[in-house]
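What follows is a single structure, written as structure tokens, with notes after it.
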Amino acid sequence: MSKGSFAAFLAHLHPRAVPEPAAKVRFTFCLGGLALWMFLLEIVTGLLLVLSYVPSSSAAYESVQTITHAAPYGFFIRNLHYWCGQAMVIFVALHMVRVFVTGSFGPPRSFNWVIGALLLALTLLVDFTGYLLVWDDRGLWAWTIARNLAQTVPLVGSGFATMLFGPSEVTEMVALRLYVWHVILLPLAMTLLVAWHFWRIRKDGGISGPL
Ligand code: HEM
């Protein structure tokens with residue numbers, strides 16, 4: 540890294556001046572930031588859960604019971620993961636409502652609205668796949684309903700359903716597919732989109748002001 544680019548890197552680490560109206564809590568209600576905090580907590584608690592979860596149709600349910608009732612702090616970490624996930628869905632949805640109500644979705648921020656909409660879809664998907672990983676009756680019926688719904692997509696329905704939810708029989712492949720979506724692919728895609736979202740906020744001139 541040359542001296543110039545290192546200086547530019549250091550300059551970027553410093554906080555940028557934020558216009559006073561945009562910094563008012565009653566403008567953003569910190570909802571985007573709260574969504575980010577929930578996401579970070581999900582990653583930390585999720586990494587701890589991965590240490591004891593077994594992604595297999597024969598052992599997943601048992602491993603969740605072990606986490607909840609036997610693993611040290613397992614009950615606390617599992618609950619934190621669950622409740623922060625629900626809070627994240629609520630914060631992301633309210634953040635979207637705030638952006639809409641303050642008219643902050645218009646140019647030059649239209650593209651960031653699209654990135655945000657993708658983030659909302661992925662937030663819902665990661666929440667849903669997490670619900671299925673518990674591998675209890677509720678989860679298996681939810682998987683059946685979601686898979687059947689995905690199959691109704693015209694022309695590509697069957698392939699789409701298999702790609703998202705695995706084969707139609709409840710096998711090891713289903714457990715593995717849901718696990719890989721929940722633990723690797725969706726969080727990775729979300730991390731990249733969140734970084735892009737924040738980069739766009741700065742490129743679009745920072746947080747918008749009141750209308
Ligand atoms: C994981 C989900 C998300 C995170 C972590 C996130 C985070 C943030 C943060 C921290 C801000 C700065 C201002 C604020 O806090 O309100 C922001 C702004 C923005 N977000 Fe999000 N966001 C998410 C999802 C969404 C969604 C679902 C939409 C809309 C579909 C959206 C659209 C926007 C737009 C247009 C701005 C610029 C708003 C302005 O300048 O006033 N974001 N986001």
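Using our numbering, the letters of the sequence shown map in sequence onto residues 540 to 750. Think of the CB as a built atom: it goes at the ideal place given N, C-alpha and C, for glycine as much as any other residue.
- Counting along the chain, K742 sits inside the alpha helix (DSSP H) bounded by residues 725–742.
- For a cut-off of 8 Å, the C-beta gap from R686 to A700 is around 5 Å, short enough to register as a contact.
- Taking a contact as a CB-CB distance under 8 Å, the pair A561 and G745 counts as one, their CB atoms being some 6 Å apart.
- In this structure, the straight-line span from the alpha carbon of V589 to that of G669 is close to 12 Å.
- Burial check for Y718: the Cβ neighbour count within 10 Å reaches 16 or more, so the residue is buried.
- Contact annotation: the segment 582–598 does not touch the segment 629–639, with fewer than three C-beta pairs closer than 8 Å.
- Here the alpha carbons of G655 and W735 stand approximately 10 Å from one another.
- DSSP, read as helix, strand or coil, puts H553 in coil.
- The beta carbons of V713 and P706 sit closer together than 8 Å.
- Annotation for W738 indicates a beta carbon at 7 Å or more from all heavy atoms of the ligand HEM.
- Residue state for S595 is assigned as coil, using DSSP reduced to three classes.
- F639 carries a helical assignment under DSSP once its states are collapsed to helix, strand and coil.
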